Structure formats: C-alpha cells, structure tokens
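Residue numbers (the working numbering): 846 to 1226.
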C-alpha cells in the first residue's frame, strides 16, 4: 500500500516534517509493509522556506539584513542546490512580528531587507529561481525598499534617493531602472499570494491592511495617494499597468513591485508549493493521502494546506484522511472539499500546554494515525 503524507506544521508544537514523521510511524504500526512517503508542506506563509528546503533536498541560509525599522536582523532563506532555487518568506526580513506594537507605523517600515535577502541568494548562491511567500508584512512601501536593494533608483526632484518606508513615496519624482542587478534581471520569481487586493482604492493595501500595521485614517489617505502616483510613474517607466492586478496590494504593495519590475507570477500559496515540490505526482501514485494542520475549521477551506492537498487528491479519486490538534464545529465544511474524514488527535482532556508539548503531540498524532489506518484497512477488507 502506498501512502502519501503531507501535513502543515502544528504551529508552536510540530514542524511539517515532524508531523509527517509521526503519521508515518503510526501508519507503519498498522501496516508494516506500507510504503509511506512524507512531503514537508506549507501554504506559502510561515514555515514555507523550511518546508520546501527540507522537502527538496536543500538547506537554510542565515543572513544579516536590514530589518523593517532599519536595524539589522537575522533572516533565513532556503537554498536548493540542484535547481539553484531560493525559497524565502518576506516576513523574515520585513515581518510585522519584527516590530513591537508601539513602533508599528507603515510610514517608517521598509522592505529593503527583502531585497538584500534576494540579492544574497542571487550573488552568493547563483540562484535564478525564487519562490517567495509575502504574507505577514509590516510595510506599505509598494516594494520600493526591496527594489532599491536590487539596484533600482527611486529619486526625488533633486535627484536624491527618497527616504525608506512609505513616507519616501511622498517625494518620489523619478524612477531609474538601469541599475537593476544583472543577476536579478534574468531571474524568475514565483510569489505565493493568497489575497486579491489591488494596490490602491477602498480595497487597496493602505485601506485594508494599513490600520493593522499602525496607520491612522490620515496616514491611509496619504499612502493611498502616494502609491497611486508611484503606480503611474511605474507604468511610464516599465510600460506595465499592474496596480489593479489581483494581489498587487499584497504585503503593502510588494505584489505590485514583483509584477511590475521583476519576472514574477503570483499564485495561491498551497498551489505554488505543491507545484514546486512535485507533490502531485506522489499523490497520483498513492493509494491513500493523509494531510492535516494544527487547527481544522471553516477557514481551512480558504487556501489552507489540508484542502489544497485534498483538491489535488480528488483529481485522481484518492481517499483523503486529515488529522488535527483541534477540530472546530464548522470543520465539517472540509468534507465538502475533498477530505473524506478527519480526526482530532487528543485522547483525553488536558491543558493546552500539555497538548502542544512536542513529545505529547508527536505521540498523539502517531497513535491516531495508527488507529485511523487500521479502520481504513478494515473497511477495505
């Protein structure tokens, strides 16, 4: 029997790989002859770089880059030597968790460190293919910080570089793209993006996401107007009009920067990860597919790992089981999206701390997988 296992991380408890290993161990107790393939997986958000690096025979690289407030931070990206691919999460260099609540102000936060991370992978590792997750940003600079680090000049009326952060866009007068690093000019970018917001307007990044990053109503209006002017200048220079493209407003306009200045495609996170890891072929060849995540609920049908895996599995009419640390009442929605049955892994009432303790979570997941597979095998006869 061939079983393909692809679980998201159980956040704060088990990594994607650890969760997969627990399920594999349980499956082998139920059927020692089973061929169980574990694929680390993520949805483009936190943990994507590590999951893909581990799943594709790569390693994690640590680099000191400019943080969202201009101070040095240590960021990581996954490096896959075989394909010269870099996998990175913008949040590791410009994420909102890197800024304390009292310091959050998108006028002052920059994506410069994201560009430094990309440039390191291109120059030091020779990467020409990039997989980038852009969730969890602290920024609203339209990706100007990232592009500046890559060599594009954003200048004021006196020909001087504008200030970093969204505040710099107020003085933007001219854009010069001739300095774009040659290593970047011929690179390809696959961007994991699960929002469809445009750059500007009532559904744009400033209005929708600005307040959670510390923007006041006045700041929102200012940033939106500045981004609109930036988009017009961009179109004049690049010939591309991407401000209304789905996902242009992701990560404070970082999606717009990728679409306008770099050879980029925006895709749903889980679809992109499945594509890059070749997981579909493993699913196609399986007799059973097992997935899961830390919490299964109604939101799981909105681009999360379990339903993403199940959707692919149902293309090939494969049975799908899911495991989760916590099951919400509306999790039954998942049954309509390809998950045939799901199981909580807790055997008895306990504290949240005990439930999330890694050794406990591993053992509970292993035991649940064993019993679920025994039932599956019995049903098959």
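From the three backbone atoms N, C-alpha and C, an ideal C-beta is built for every residue, glycine too.
Every value quoted in this text rests on a predicted model; they were computed, and no experiment measured them.
To the nearest angstrom, how far is it from the Cα of residue i to the Cα of residue j?
{"i": "residue 1158", "j": "residue 1151", "result": "10 Å"}
{"i": "residue 891", "j": "residue 1098", "result": "19 Å"}
{"i": "residue 950", "j": "residue 944", "result": "9 Å"}
{"i": "residue 1111", "j": "residue 1092", "result": "7 Å"}
{"i": "residue 900", "j": "residue 1071", "result": "41 Å"}
{"i": "residue 1065", "j": "residue 1053", "result": "9 Å"}
{"i": "residue 1050", "j": "residue 1102", "result": "13 Å"}
{"i": "residue 1170", "j": "residue 1107", "result": "40 Å"}
{"i": "residue 955", "j": "residue 1082", "result": "22 Å"}
{"i": "residue 1153", "j": "residue 1165", "result": "11 Å"}
{"i": "residue 941", "j": "residue 948", "result": "10 Å"}
{"i": "residue 1220", "j": "residue 1214", "result": "10 Å"}
{"i": "residue 935", "j": "residue 869", "result": "32 Å"}
{"i": "residue 859", "j": "residue 932", "result": "21 Å"}
Classify residue i: buried if its beta carbon has 16 or more other beta carbons within 10 angstroms, exposed otherwise.
{"i": "residue 922", "result": "buried"}
{"i": "residue 1027", "result": "exposed"}
{"i": "residue 1121", "result": "buried"}
{"i": "residue 1149", "result": "buried"}
{"i": "residue 1069", "result": "buried"}
{"i": "residue 972", "result": "buried"}
What residues are listed by DSSP as bridge partners for residue i?
{"i": "residue 1020", "result": "999"}
{"i": "residue 880", "result": "847"}
{"i": "residue 923", "result": "905, 932"}
Whose C-beta lies closer than 8 Å to the C-beta of residue i among residues of the same chain, with five residues either side of it excluded?
{"i": "residue 1162", "result": "none"}
{"i": "residue 993", "result": "957, 960, 999, 1006, 1009"}
{"i": "residue 908", "result": "919, 920, 921, 922, 961, 962, 965"}
{"i": "residue 1029", "result": "963, 964, 967, 995, 996, 1107"}
{"i": "residue 1116", "result": "1153"}
Go through its chain and collect everything with a Cβ distance to residue i's Cβ below 6 Å, but skip five positions before and after it.
{"i": "residue 877", "result": "none"}
{"i": "residue 856", "result": "1139"}
Near residue i, what residues of its chain come up, given a Cβ to Cβ distance below 7 Å and the 5 sequence neighbours on each side ignored?
{"i": "residue 1125", "result": "1119, 1157"}
{"i": "residue 861", "result": "852, 853, 854, 885, 886, 887, 892, 896"}
{"i": "residue 1142", "result": "1173, 1175, 1176"}
{"i": "residue 1088", "result": "1043, 1044, 1045, 1076, 1101"}
{"i": "residue 1209", "result": "1190, 1191, 1192"}
{"i": "residue 1217", "result": "1166, 1188"}
Beta-carbon of residue i versus every beta-carbon of chain B: anything under 9 Å?
{"i": "residue 1063", "result": "Although the question refers to chain B, the structure presented lacks it and comprises just one protein chain."}
At least three beta-carbon pairs within less than 8 Å, the region 876-891 to the region 908-917: no
Quick test of the definition: if touching needs 3 or more C-beta pairs under 8 Å, does the region 1031-1041 touch the region 1001-1016? With the rule of 3 Cβ pairs closer than 8 Å, the region 1031-1041 does not count as touching the region 1001-1016.
Within 8 Å, do at least three Cβ pairs link the region 975-988 to the region 1128-1136? no
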